[in-house]
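Below is one structure, written out as structure tokens; comments come after it.
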DNA sequence: CTCTTTGCAAAGCGTTTGCAGGCCC
DNA sequence: GGGCCTGCAAACGCTTTGCAAAGAG
């Protein structure tokens, strides 16, 4: 479990600050049910509902920052906007199977993919943040659908 | 090699048309050196230079169509715009290691990832279009960089 | 001859940014 | 106290869309 203190330490280490907003956002993602991911706007709404209004720009800045720190994963499901979820280590780390027509997504796990990702980054001297296998496909329902495109 | 005829057949099968623009765009991607990928705008410029001007909207419509047909792959390198490349089958199929700071990308191949993708789609009855492992990381140079964020 | 596709220009929309005030360390 | 961070509103830039004309089958 990644704590606020760990976040603070990591931020301060780079000359940055731990703010209430950043702490709140971290908490939200940690309490999200497994497999649930949020867009910036969904996060904005959720925070508003729970009585912690945070401006959209701060949200955008924070999720980007946390993604680059490896705390969140940025998911691109080709819907025109990004989704975010907490970046869980093994054995919670997972990947996505996505229907390009209806955007239905199914999660799945794979130790070997994670291993390959880790090894590949290492081999080139990269510092790994996240590795995700995205399978773009058409789900059974959409295969049968008559709707064009 | 995916021919114009194959494209025509596949389009007509769905009641669509093979147009000069679509044929030209397919050809461009087929002649691109391995590992090279284009954004919509880059493709637009390239076509212009080679004397085949095609409007940006047609380009957007075409790359989206071909991605959904599984002919092109849509690559998201988090630069705010998508890149496209021809979707090669085994053994040309590859994945990307991306630096989230400078966007440098390194390609790598992996039979096992492709197998896992194929199997996973199959298991859920999905029709596979593309599977890509994206490794988000920080490259050696950027790790050393003093520039914030 | 019908229905798809193109090109143009305008609209759309998620995301970024400049700036003044506020806050963390 | 200094510099980072927030919130607001405006700007941005990639992508999509409406529409009339052109073209494929």
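Chains as they are written, first to last, in the UniProt record's numbering: chain A, 1 to 149; chain B, 1 to 149. Positions of the beta carbon are idealized from the N, C-alpha and C atoms, including for glycine. The model shown is predicted, which means the values in this text are computed figures rather than measured ones.
List the residues of chain B that residue 39/A touches, going by C-beta distances under 8 angstroms, in chain order. Here the premise fails: no neighbours, minimum Cβ distance about 15 angstroms.
Along the stretch 132 to 148 of chain B, where does the CB come closer than 9 angstroms to a CB of chain A? Name the residues. 132, 133, 134, 135, 136, 137, 138, 139, 140, 142, 143 and 148
Same chain only: Cβ atoms within 6 angstroms of residue 139/A, ignoring 5 sequence neighbours per side: 99 and 104
Could you check whether the Cβ of residue 74/B sits closer than 8 angstroms to any Cβ belonging to chain A? yes
Extent of the continuous alpha helix (DSSP H) to which residue 145/A belongs: No alpha helix (DSSP H) contains residue 145/A, which DSSP labels as neither H nor E.
Distance between residue 92/B and residue 31/B (C-alpha atoms, nearest Å): 14 angstroms
Can you tell me whether DSSP reads residue 111/B as helix, strand or coil? helix
Rounded C-alpha distance that separates residue 28/B from residue 3/B: 12 angstroms
Going along chain A, which residues have a C-beta under 9 angstroms from residue 128/B? 135, 136, 137 and 138
Is residue 52/B helix, strand or coil when you go by DSSP? coil
Determine whether the beta carbon atoms of residue 78/B and residue 60/B lie at a separation below 8 angstroms. no
Looking at the strands, I want to know which residues DSSP matches up with residue 73/A. 85/A
Using a C-beta cutoff of 8 angstroms, does residue 57/A count as contacting chain B? no
Could you say if the stretch 64 to 78 of chain B and the stretch 124 to 141 of chain B meet the contact criterion of at least three C-beta pairs nearer than 8 angstroms? yes
Would you say residue 108/B lies against chain A (beta-carbon separation less than 8 angstroms)? yes
Does residue 78/A come within less than 8 angstroms of chain B when only Cβ atoms are used? yes
Excluding the 5 residues preceding and the 5 following residue 25/A in the sequence, name in chain order all residues of the same chain whose CB lies nearer than 8 angstroms to its CB. 43, 47, 54, 59, 62, 63 and 66
Work out the CA separation of residue 87/B and residue 49/A for me, nearest whole Å. 43 angstroms
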